Amino acid sequence: RGNPILSNVRAVPWEYKDIVPDYVVGKTTCVLYLSLKYHKLYPDYIFQRVQKLRSNYQLRIILCRVDIPDPDRYLLELTKLTMNANLTLLLSWNDEEAG
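Under our numbering, the first residue of the sequence shown carries the number 376, and numbering increases by one thereafter.
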């Protein structure tokens, strides 16, 4: 609850559930949402979330909201994480684009 992109998800029905990922978008696909502002303040957060996912999904996506100036350092860190953990990294620069 409180995820800023939910108001932009209009083409498909959605509901709140108590699940590990932020979104399940198919039987084998999940999405973790991450704001770079939040990542900058709490860098271990996304690593802990990824660990909790384990291998329960074939396609695991980090949807990253680029909402800080000079994001290169943080994007490099996330790129390394996604490569090592077999995740896909998608970037968005606004909430509408993310939804």
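C-beta: ideal position from N, C-alpha, C; glycine also.
Remember, predicted model here, so these are calculated numbers, not experimental data.
Alpha carbons only, please: which of the options is nearest the one belonging to residue i?
{"i": "Leu434", "options": "Ile443, Asp447 and Met458", "result": "Met458"}
{"i": "Ala473", "options": "Ile436, Leu428 and Val395", "result": "Ile436"}
{"i": "Asp470", "options": "Leu411, Val400, Lys415 and Gly401", "result": "Leu411"}
{"i": "Val400", "options": "Tyr432, Lys455, Leu453 and Glu452", "result": "Tyr432"}
{"i": "Leu465", "options": "Arg429, Val441, Arg448 and Asp447", "result": "Val441"}
{"i": "Thr454", "options": "Thr404, Ser430, Cys405 and Phe422", "result": "Phe422"}
Give me the DSSP bridge partner(s) of residue i.
{"i": "Thr463", "result": "Ile436"}
{"i": "Leu407", "result": "Ile437"}
What residue range is occupied by the uninterrupted alpha helix (DSSP H) comprising residue i?
{"i": "Tyr417", "result": "Here Tyr417 belongs to no alpha helix (DSSP H), and DSSP marks it neither H nor E."}
{"i": "Asp470", "result": "Asp470 to Ala473"}
Measure how close the beta-carbons of residue i and residue j come, nearest whole angstrom, since I'm counting them as under 8 Å.
{"i": "Asp397", "j": "Tyr408", "result": "4 Å"}
Between residue i and the rest of its own chain, which residues show a CB-CB distance below 8 Å, the 5 nearest in sequence each way excluded?
{"i": "Asn461", "result": "Arg435"}
{"i": "Tyr449", "result": "Leu411, His414, Lys415 and Ile443"}
What first and last residue would you give for the beta strand (DSSP E) that runs through residue i?
{"i": "Val395", "result": "Val395 -> no beta strand (DSSP E), and no H or E assigned at all."}
Within the same chain, show all residues whose beta-carbon is closer than 7 Å to that of residue i, passing over the 5 residues directly before and after it, in chain order.
{"i": "Lys427", "result": "Val395"}
Return the chain-ordered list of same chain residues with a C-beta closer than 6 Å to the C-beta of residue i, the five sequence neighbours on each side being excluded.
{"i": "Thr463", "result": "Ile436"}
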